[in-house]
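Asks:
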Amino acid sequence: MSEEILVNVTPRETRVAVVENGMLQELHIERGWRRGVVGNIYKGKVQRVMPGMQAAFVDIGLARAAFLHANDIMRAMPAIPNEDGAPAETLPSSVRPIAELLRDGQDIVVQVVKDPIGSKGARLTMQLSVPSRYLVMLPQSKVVGVSARIEDETERARLKGLVSELAMTGGSGFIIRTNAEGQPAEALAEDIAYLSRVWGLVEERARNASVGTCIYDDLSLPMRAVRDLMRRDVEKVKVDSRETCEKLRVFAAQYMPGLAERIELYSGARPIFDLYGVEDEIQRALQKEVPLKSGGYLVIDQTEAMTTVDVNTGSFLGQRTLEETVYRTNLEAAQSVARQLRLRNLGGIIIIDFIDMHDPEHRRQVLRMLEKSLSKDHAKTTVYDFSPLGLVEMTRKRTVESLERQLCEPCPACNGRGTLKTAETVTYEIFREITRAGRQFDAERLLVIASPMVVNRITEEESAAVAELEEFLGKSIRFQQDDQYVQEHYDVVLL
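In the numbering used here, the protein residues as written are 922 to 1416.
(1) Could you tell me the alpha carbon to alpha carbon distance between valine 1147 and alanine 938, rounded to whole angstroms?
(2) Using DSSP with H/G/I as helix, E/B as strand and the rest coil, what is phenylalanine 1362?
(3) In this structure, does DSSP put cysteine 1166 in helix, strand or coil?
(4) Whole angstroms are fine: how far does the CA of valine 1304 sit from the CA of isoleucine 1019?
(5) How far does the beta strand (DSSP E) with isoleucine 962 in it reach, from first residue to last?
(6) Return the first residue and the last residue of the alpha helix (DSSP H) that arginine 917 is part of.
(7) Please identify the residue among Ser1308, Val1258, Ser1323 whose C-alpha is closest to the C-alpha of leucine 1291.
(8) Counting Cβ pairs closer than 8 Å, one from the region 1329-1342 and one from the region 1371-1386, do we hit at least three?
(9) Just list the beta strand (DSSP E) runs in the region 1045-1114, keeping only unbroken ones of 3 residues or longer that don't cross its boundaries, in chain order.
(10) I need the DSSP call for alanine 1371, collapsed to helix, strand or coil.
(11) What do you get for glutamate 1423, buried or exposed, if any count of 16 or more other CB atoms within 10 angstroms of its CB means buried?
(12) Drop a sphere of 10 angstroms on the beta-carbon of alanine 1114, count the other beta-carbons inside from all chains shown, and report buried for 16 or more, exposed for fewer.
(13) Determine which residues share a DSSP beta bridge with glycine 1269 and list them.
(14) Rank Ala987, Leu1045, Gly953, Ala1173 by C-alpha distance to the C-alpha of arginine 1152 and give the top, closest one.
(15) How is the alpha helix (DSSP H) around glutamine 1144 delimited, first residue to last?
(16) In three-state DSSP terms, what is proline 940?
(17) In chain order, what residues of the same chain lie with their CB nearer than 7 Å to the CB of arginine 952, ignoring the 5 residues before and after it?
(18) Threonine 1320: buried (16+ other C-beta within 10 angstroms of its C-beta) or exposed?
(19) Excluding the five sequence neighbours on either side, which residues of its own chain have a C-beta within less than 8 Å of the C-beta of lysine 1396, listed in chain order?
(20) Let's test the definition: count the other Cβ atoms within 10 Å of the Cβ of aspartate 993 and tell me whether it reaches 16, buried, or not, exposed.
(21) Locate the alpha helix (DSSP H) running through valine 1199, then write down its first and last residues.
(22) Tell me where the beta strand (DSSP E) around histidine 1410 begins and ends.
(23) Give a yes or no on whether the C-beta atoms belonging to valine 1160 and leucine 1186 are separated by under 9 Å.
(24) Quick one: grab the DSSP three-state call for phenylalanine 1400.
(25) To the nearest angstrom, report how far apart serine 1062 and glycine 1092 are at their CA atoms.
(26) Kindly indicate the opening and closing residues of the alpha helix (DSSP H) around proline 1281.
(27) Taking 8 Å as the cut-off, is the C-beta of valine 958 nearer than that to any heavy atom in the ligand FAD?
(28) Report yes or no: do the region 1226-1236 and the region 1281-1299 share at least 3 C-beta pairs separated by less than 8 Å?
(29) Could you pull the start and end residues of the alpha helix (DSSP H) that alanine 1190 belongs to?
(30) In terms of residue numbering, what span does the beta strand (DSSP E) encompassing valine 1034 cover?
(31) Helix, strand or coil for leucine 1416, going by three-state DSSP, please let me know.
(32) Would you mind working out which of Gln1048, Tyr1411, Arg1191 sits nearest glycine 1094, comparing C-alpha positions?
(33) Could you tell me the distance, in whole angstroms, from the CA atom of lysine 1078 to the CA atom of serine 1085?
(34) Buried or exposed, going by whether 16 or more other CB atoms sit within 10 Å of the CB of methionine 1278?
(35) Which word fits glutamine 1175, buried or exposed, when buried means at least 16 other C-beta atoms lie within 10 angstroms of its C-beta?
(36) Mind checking whether alanine 1088 and valine 1065 have CB atoms under 9 Å apart?
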């Protein structure tokens, strides 16, 4: 498998694309005025403890107060963080009442596990962690764990033994990341020494910082991409900024010397994302429909509560039976769904409506294909079996806004509904508003300003109704087109 990482840098925006076999798989965006805060550690102050929710709102200096649940204060045992180094959510064996753990006005040190999304503030934890190339340091724990993605038992035992021995003097716990597979003791020792220095600085800042201060800021997007995404199977990291390229080479030479030579400057005349077709893929990732090679297609709908994916055969007729056609379409759809979730960064509850299959073995194979395709995803996913209605329910951990939410905003004409009232509906709303205004106010004439589509409909198809209305109110009514008005908007003016 050929994999490359492309880094596109402009003065106000940095984008990182992960391309596998010529196809875009992941896209990460960081804008100068709106950097993500996942992984950052803050000195915060408890604004309000809410016993009924077992949670508290905490001021960490962001626009909205952040949310801290009791589960994220007391934990029986930390879970293995995600591959991006962000802390993972865990379930404690028992949680004391939040009022016994925190009080209003208390200063605490917290870490962001989820960016502010929509109208919700950031999600916090007090179980802090600091990631490096091969390890994640857990300063408040003694546990040494190994990423589940390292499957070889001999290698797992070797790594755990090495880190346990190296960490004896430090008193902190560690999670061994997937990137550590095959690494010598020297590389792990360097990581532990680096993390110990970082944590010492965090502790010092925490003692002296004021409330709302960020006391640990995670690396910039290009640095994080090299740290978290660069593995042995990554052939090249291509950067279109000389300054960023030099910074990444210095960073890689210090923390991953064996891979530093794979970072190269792209100086071609054609933009790097255009050369690899990434710009076109981004535009397609903002569309609801996703075509499949067979002729079928997916329809992806993202809502506040969940994301739904509908699978359709489209123009695919197959060559054998209907059941075989459906099975082949669903197999292809399972791979495409996994890629789209990763590319669009869709999270939360996801419902997939595959085309109905009657053969239980076909269902098992489609589910197995979905799980296999999701195994490359850095975000934690959980897939459940087909429901009695033939739907597949799954969850994908969400830490930042989806691609659509990052790049788009609700339509000002429909306020994000996706539909507009018809010209007929607006016409009858205008008639009701004319009646209301004519009875309430003493004016000789009324002027209605509306979109050309609505005015044309009223003057051409509803002229008789307008005449009846003028006679009923005893007032003259004029209509005026305005191209600035969208179909649903209008004004009734008294003259």
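Cβ atoms here follow ideal geometry from the backbone N, Cα and C, with glycine treated the same way.
Replies: This is what the structure gives:
(1) Answer to the nearest angstrom: the Cα atoms are 12 Å apart.
(2) Note: phenylalanine 1362 maps to coil in three-state DSSP.
(3) Assigned with DSSP and collapsed to three states, cysteine 1166 falls in helix.
(4) 32 Å
(5) 962-971
(6) Nothing about residue 917 can be read from this structure; the chain reaches only from 922 to 1416.
(7) Val1258
(8) no
(9) 1056-1059, 1065-1067, 1094-1097
(10) strand
(11) No answer is possible for residue 1423: the residues shown for the chain start at 922 and end at 1416.
(12) Taking all protein chains shown into account, alanine 1114 has fewer than 16 neighbouring C-beta atoms within 10 Å of its C-beta and is therefore exposed.
(13) Arg1317
(14) Of the candidates Ala987, Leu1045, Gly953, Ala1173, the residue whose Cα lies closest to the Cα of arginine 1152 is Ala1173.
(15) Going by the sequence as given, residue 1144 is methionine instead of glutamine. Run containing methionine 1144: 1142-1150, per the alpha helix (DSSP H) assignment.
(16) The residue you asked about is not proline; residue 940 is valine in the sequence shown. Reduced to three states, the DSSP call for valine 940 is strand.
(17) Cβ within range, chain order: Arg933, Glu934.
(18) buried
(19) Gly1359, Ala1364, Glu1365, Arg1366, Leu1367
(20) Buried: at least 16 other Cβ atoms inside 10 Å.
(21) 1199-1206
(22) Segment: none, histidine 1410 is in no beta strand (DSSP E) and carries neither H nor E.
(23) Taking 9 Å as the Cβ cut-off, valine 1160 and leucine 1186 qualify as a contacting pair.
(24) Note: phenylalanine 1400 maps to strand in three-state DSSP.
(25) Take the alpha-carbon of serine 1062 and the one of glycine 1092: they are about 8 Å apart.
(26) 1281-1295
(27) Among the components of this structure there are no ligands whatsoever, and the ligand FAD is therefore not found.
(28) no
(29) Alanine 1190 -> no alpha helix (DSSP H), and no H or E assigned at all.
(30) 1028-1035 is the span of the beta strand (DSSP E), which, as asked, contains valine 1034.
(31) Leucine 1416 carries a coil assignment under DSSP once its states are collapsed to helix, strand and coil.
(32) The option with the nearest alpha carbon to glycine 1094 is Gln1048.
(33) A quick correction: the sequence has alanine, not lysine, at residue 1078. If you take the alpha carbons of alanine 1078 and serine 1085, they lie about 10 Å apart.
(34) buried
(35) Glutamine 1175 should be labelled exposed.
(36) Taking 9 Å as the Cβ cut-off, alanine 1088 and valine 1065 qualify as a contacting pair.
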